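With the working numbering, letter number 302 in the sequence shown gets 334, and the count goes up by one each step, no holes.
Below: one structure, written as structure tokens.
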Amino acid sequence: MIRIARVVLALVSCCASAAPVVTKVEPPNWWMGLSVKPVRLLIRGANLTGSRLVSLDRGVLTGRSQVNAAGTYLFADVTVLKAGVHTLRIAGPSGAAKISWEVLPPPARTGRFQGFSPDDLIYLIMPDRFADGDAANDDPVVSKGLFDREKPRYYHGGDFQGIIDHLPYLKDLGITTIWLNPVYDNVNHLNYKEQPDAPPVADYHGYGAVDFYGVEEHFGDLKKFRQLVDAAHTSGIKVMLDMVANHTGPYHPWVTDPPLPDWFHGTAEKHLKESWQTWTLISPKFSPELQRSTLNGWFADILPDLNQDEPELSRYLIQNTLWWIAASGIDSIRQDTLLYAPRRFWRDWTAAIKRDFPRVRVVGEAFDADPALVSFFQGGKARFDGVDSGVDSVFDFPQYFAIRSAFARGNPVEEIGKVLAHDYLYPDASNLVTFLGLHDVERFMNEKGATYNRMQLAFTYLMTTRGIPMIYYGDELGLAGGQDPDNRRDFPGGWPGDAKNKFEASGRTGDEHTLFAHVRRLADIRQRFPALRHGALIQLAASPQMLAYARLDSSQAVVTVINNGSRADSLEIDAAAVHFHDGDQLRDLFGVAPNLIVAKGRVTVKLEPVSAALYTLLGP
Ligand SMILES: [Ca+2]
Ligand SMILES: [Ca+2]
Ligand SMILES: [Ca+2]
Numbered sequence: 033m034i035r036i037a038r039v040v041l042a043l044v045s046c047c048a049s050a051a052p053v054v055t056k057v058e059p060p061n062w063w064m065g066l067s068v069k070p071v072r073l074l075i076r077g078a079n080l081t082g083s084r085l086v087s088l089d090r091g092v093l094t095g096r097s098q099v100n101a102a103g104t105y106l107f108a109d110v111t112v113l114k115a116g117v118h119t120l121r122i123a124g125p126s127g128a129a130k131i132s133w134e135v136l137p138p139p140a141r142t143g144r145f146q147g148f149s150p151d152d153l154i155y156l157i158m159p160d161r162f163a164d165g166d167a168a169n170d171d172p173v174v175s176k177g178l179f180d181r182e183k184p185r186y187y188h189g190g191d192f193q194g195i196i197d198h199l200p201y202l203k204d205l206g207i208t209t210i211w212l213n214p215v216y217d218n219v220n221h222l223n224y225k226e227q228p229d230a231p232p233v234a235d236y237h238g239y240g241a242v243d244f245y246g247v248e249e250h251f252g253d254l255k256k257f258r259q260l261v262d263a264a265h266t267s268g269i270k271v272m273l274d275m276v277a278n279h280t281g282p283y284h285p286w287v288t289d290p291p292l293p294d295w296f297h298g299t300a301e302k303h304l305k306e307s308w309q310t311w312t313l314i315s316p317k318f319s320p321e322l323q324r325s326t327l328n329g330w331f332a333d334i335l336p337d338l339n340q341d342e343p344e345l346s347r348y349l350i351q352n353t354l355w356w357i358a359a360s361g362i363d364s365i366r367q368d369t370l371l372y373a374p375r376r377f378w379r380d381w382t383a384a385i386k387r388d389f390p391r392v393r394v395v396g397e398a399f400d401a402d403p404a405l406v407s408f409f410q411g412g413k414a415r416f417d418g419v420d421s422g423v424d425s426v427f428d429f430p431q432y433f434a435i436r437s438a439f440a441r442g443n444p445v446e447e448i449g450k451v452l453a454h455d456y457l458y459p460d461a462s463n464l465v466t467f468l469g470l471h472d473v474e475r476f477m478n479e480k481g482a483t484y485n486r487m488q489l490a491f492t493y494l495m496t497t498r499g500i501p502m503i504y505y506g507d508e509l510g511l512a513g514g515q516d517p518d519n520r521r522d523f524p525g526g527w528p529g530d531a532k533n534k535f536e537a538s539g540r541t542g543d544e545h546t547l548f549a550h551v552r553r554l555a556d557i558r559q560r561f562p563a564l565r566h567g568a569l570i571q572l573a574a575s576p577q578m579l580a581y582a583r584l585d586s587s588q589a590v591v592t593v594i595n596n597g598s599r600a601d602s603l604e605i606d607a608a609a610v611h612f613h614d615g616d617q618l619r620d621l622f623g624v625a626p627n628l629i630v631a632k633g634r635v636t637v638k639l640e641p642v643s644a645a646l647y648t649l650l651g652p
């Protein structure tokens, strides 16, 4: 007993005698005109026990302060009253520390925070793998040794400047929104935890945040990111930023020193492993106990799972998202691993975003082939749990699997219709983000049976069906690549000295250029025909390997006919169903298939193997 008392006394005298030390203030600044009142600061440091935050000027009002048991984190309320750099004092029993904290004028809104819609064509960029515009950040002083282009799981040097340099390429292709994988600061040394039985790797992909307010130094800094957003906006391209609210990287400082005991679900030593039992989340037939390993488990047994039911953490994440939007001017958010955090958190998070940035849109990742599961997570409707998540869109993974099976592998194209028949389950299927590939699956061209011709056909389908199409960088050229990380190869020509520059027509093979030109042409057709963006989708005819559907609005119809089979084939279509009349002449927007004349309300379309036609009324 006496020994314990002595130890406690020693600790008290040690800590009581030391002045507070501050190592980090989050958020690092705020703005006038946002609705969060008060802002909750999270101040990291040492010797904070017994401290409180005091404002030394009238620009901010300080409120309640609370320090964690270890004396390493101070939570404090501040109400912002005036823009300017303010001085705040952390007053402790044995001394004080001062911090500067800036309140900026309300964020400028013109041309920013614009959201997304079916008018868009999205392009996914993995910042490390697209283009190296600044060799100076390839192997930064603070994180030396993580750069090696020969190693597929190391940094390769791609950065924000590289993206800025290639905005004209994206503009020319017809892109209107770029989605960037996360740009949070990731760990500055090798990651030994991700693959315990294999050599260590670098977190070049951005999904292992160690600082939710930091920018990864391999990509640039916040100023350069803002420059990228501004330059994109000047080119008429919007920016979607990837965010991760479910977990941190394994080396986040919170893991060994959590701000509160329930900040994570468990600890590095003792936690549940992610079980992927996502079906338990969509029905009242599963007990909370059964959902626990899915909602609270650590991904791959190593990614620390954040506890969004802890009100302080929920508040931290919401402020963090508002900070990124205001600080950078981005237009939309892609939220990682949507299924694995509580839906009531997403409801509060999306509501906070819409309150201050009503046009900003969110697309969530629900990686599953079952439309009954994926649709459950799109917002716009309260479900059995009483929660409307408010998440505007989800990725159309169910259709992705059907697209790969039909168009890449040559299986019956009927599969597409079987998936689309489930559109009624979605609160808004027209708002789904559709795609042929992304960074977590092998490339289209690596599928057994895939050819350039088949990829052209898949793009024709993608750009004419309902939804918001997305292209994974390099797919417009048929870039190859197997499973992660092979599907994240460097864009050829993005690096000085690359043998081939495929950003230029002269660097492409004939097949690559034909595919690129096809995608660009589809983007142009989609812009010229609003029905392809907003029209209702009507399935007109189907055989095992042929498909005909229309996009129809009040003023036009575009009928896509696809032959996915390996021999020439024909399909009869009910033209009257899309308001074509007898005697009407239809022409193929690709200019390949012959013109058709409607007779007795019908047309018969003959197509070469693996080809498509886009028919619309021949103009007067
Ligand atoms: Ca670089
Ligand atoms: Ca870093
Ligand atoms: Ca979770």
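Beta carbons: idealized from backbone N, C-alpha and C, even for Gly.
Everything numeric in this text was worked out from a predicted model, so none of it was measured.
- Message: According to DSSP, is D585 part of a helix, a strand, or is it coil?
- Response: coil
- When DSSP labels each residue in this structure, what does A549 get in the three-state scheme? The answer is helix: DSSP assigns A549 an H, G or I state.
- Task: Quick one: grab the DSSP three-state call for V423.
- Result: coil
- Kindly examine ligand 3 and report whether one of its heavy atoms sits closer than 7 Å to the Cβ of N328. N328: yes, Cβ under 7 Å from ligand 3.
- Task: Helix, strand or coil for H265, going by three-state DSSP, please let me know.
- Result: Correct three-state label for H265: helix.
- Start and end of the alpha helix (DSSP H) containing K450? It spans E446 to L452 - the alpha helix (DSSP H) in which K450 sits, taken as one unbroken run.
- Item | Range of the contiguous beta strand (DSSP E) that encloses A645 | S643 to L649
- Query: What runs of the alpha helix (DSSP H), each 4 residues or longer, lie entirely inside the segment 165-231?
  - Reply: 192-197 and 199-205
- Message: Using DSSP's beta-bridge definition, name the partner residues of E134.
- Response: N61 and V117
- Query: How about L649 and D616: do their beta carbons lie closer than 8 Å?
  - Reply: yes
- Query: Mind checking whether P501 and T546 have CB atoms under 8 Å apart?
  - Reply: Their beta carbons are not under 8 Å apart, which means P501 does not touch T546 by this criterion.
- May I ask you to report which of helix, strand or coil DSSP gives H566? helix
- From the DSSP output, which residues share a beta bridge with P501? T466
- Query: Closest by CA to P282, which one among L621, E508 and A234?
  - Reply: A234
- Query: Roughly how many whole angstroms lie between the Cα atoms of V593 and G513?
  - Reply: Roughly 30 Å between the two C-alpha positions.
- Message: With a threshold of 7 Å (Cβ to nearest heavy atom), would N220 be considered close to ligand 1?
- Response: no
- Reduced DSSP category for T280 - H, G, I as helix; E, B as strand; rest coil: Residue state for T280 is assigned as coil, using DSSP reduced to three classes.
- Task: Return yes when at least one heavy atom of ligand 3 lies under 7 Å from the C-beta of Y187, else no.
- Result: no
- Would you list the residues sitting across from W527 in a DSSP beta bridge? DSSP lists no partner for W527.
- Endpoints, the alpha helix (DSSP H) within which R141 is located: Per DSSP, R141 belongs to no alpha helix (DSSP H) and is neither H nor E.
- Does the beta-carbon of Q98 have 16 or more other beta-carbons within 10 angstroms, so that it is buried, or is it exposed? It counts as exposed.
- Query: With a CB to CB cut of under 6 Å and the five nearest residues on each side skipped, what residues in its chain are close to Y187?
  - Reply: Same-chain partners within the cutoff: D160, L178, F179, A234, Y236 and H250.
- At least three beta-carbon pairs within less than 8 Å, the segment 457-465 to the segment 579-597: no
- State yes or no: is the C-beta of K256 within less than 8 Å of the C-beta of F192? yes
- Which first and last residues belong to the beta strand (DSSP E) in which S602 is found? D601 to D606
- At a cut-off of 7 Å, is A167 close to ligand 1 when judged by its beta-carbon and the heavy atoms of the ligand? yes
- Item | Local Cβ density within 10 Å of D166, reported as buried at 16 or more and exposed below that | With 16 or more other Cβ atoms within 10 Å, it is buried.
- Query: DSSP state of C46, grouped into three classes?
  - Reply: Confidence is the limiting factor: at C46 the pLDDT is only 46, short of 50, which leaves the residue's position unreliable and the question unanswerable from this model.
- Query: Between W211 and the rest of its own chain, which residues show a CB-CB distance below 6 Å, the 5 nearest in sequence each way excluded?
  - Reply: I154, L156, M272 and R366
- Task: Only counting runs of 4 or more residues, tell me where the alpha helix (DSSP H) segments fall wholly within the segment 289-360, in order along the chain.
- Result: 320-328 and 343-360
- Item | A37 to D333 span [Cα, whole Å] | Low confidence applies to A37: its pLDDT is 42, below 50, so where it sits in the model is not reliable enough to give any reading.
- Task: Please name the residue, chosen from L254, P291, A440 and P59, that lies closest to A490 on a Cα-to-Cα basis.
- Result: A440
- Query: How is Y245 classed by DSSP in three states: helix, strand or coil?
  - Reply: If DSSP states are grouped into helix, strand and coil, Y245 belongs with the strands.
- Mind checking whether the beta-carbon of D20 lies closer than 7 Å to any heavy atom of ligand 1? One cannot answer for residue 20 here, as it falls past the ends of the chain, which runs 33 to 652.
- Do you know how far the Cα of P52 is from the Cα of V44? Caution applies to V44, whose pLDDT of 43 falls short of 50 and renders its modelled position unreliable; the model cannot decide the point.
- Item | Whole-number beta carbon distance between K56 and R76, since they are thought to touch under 8 Å | 4 Å
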